Structures are given as C-alpha cells and as structure tokens.
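Trainee: Handing you this structure, nothing more for now.
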Ligand code: SF4
C-alpha cells in the first residue's frame with residue numbers, strides 16, 4: 037500500500053459499506069464509526085480507491101506518498 041488511509045469520523049454515516057466489502061481493512065469503533073484495521077496495509081491502492089469512492093459520504097480519505105489528499109470526486 038502506498039496510500040495512507042484516514043477516516044473522517046465526523047463524516048462517517050456508519051453505513052457499514054466499507055466494513056462489508058473489506059472487513060480485513062475496516063471495522064467499527066465503540067461509537068459505530070468506521071476505523072481502519074491493521075489489514076488495511078495489505079489492500080492494493082486500486083481497491084482502496086474503489087472503496088473510498090463508494091463511501092456515501094466520502095469519509096474515507098486517501099493520501100499519496102507525498103501526503104496529498106486524493107480527490108475522490110473526480
Ligand atoms: S462506507 Fe463511509 S460512511 Fe459507511 S461506514 Fe465506511 S466510512 Fe462510514
């Protein structure tokens with residue numbers, strides 16, 4: 037994985053979509069908001085991009101190796 041993944045918890049709608057499609061990489065914290073799991077490190081960038089784009093509130097943020105946030109809406 038080259039991308040760094042962060043969850044914008046204020047935007048997470050607890051839809052569970054990321055947890056359903058990639059349970060090895062995403063789970064829920066005690067407030068039922070998404071959080072990354074250690075397994076996220078082994079998810080290929082292409083798949084991370086796909087998952088982040090499918091989040092209904094764009095709460096999954098991706099950053100490239102230079103620390104720039106990817107624009108998921110384009
Ligand atoms: S897909 Fe998005 S809104 Fe749904 S649980 Fe994951 S981060 Fe939250």
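Residue numbers (my numbering): 37 to 110. Glycine included, every Cβ here is placed at the ideal spot set by N, Cα and C. Model, not experiment: these values are computed from the prediction.
(1) If the criterion is Cβ atoms closer than 8 Å, does the pair residue 64 and residue 70 meet it?
(2) What would DSSP say about residue 109, mapped onto helix, strand or coil?
(3) If you measure between the beta carbons of residue 44 and residue 77, is that distance less than 8 Å?
(4) At the level of alpha carbons, what is the spacing between residue 50 and residue 107?
Mentor: Straight from the coordinates:
(1) Against a cut-off of 8 Å, the Cβ pair of residue 70 and residue 64 comes out as a contact.
(2) coil
(3) no
(4) 22 Å
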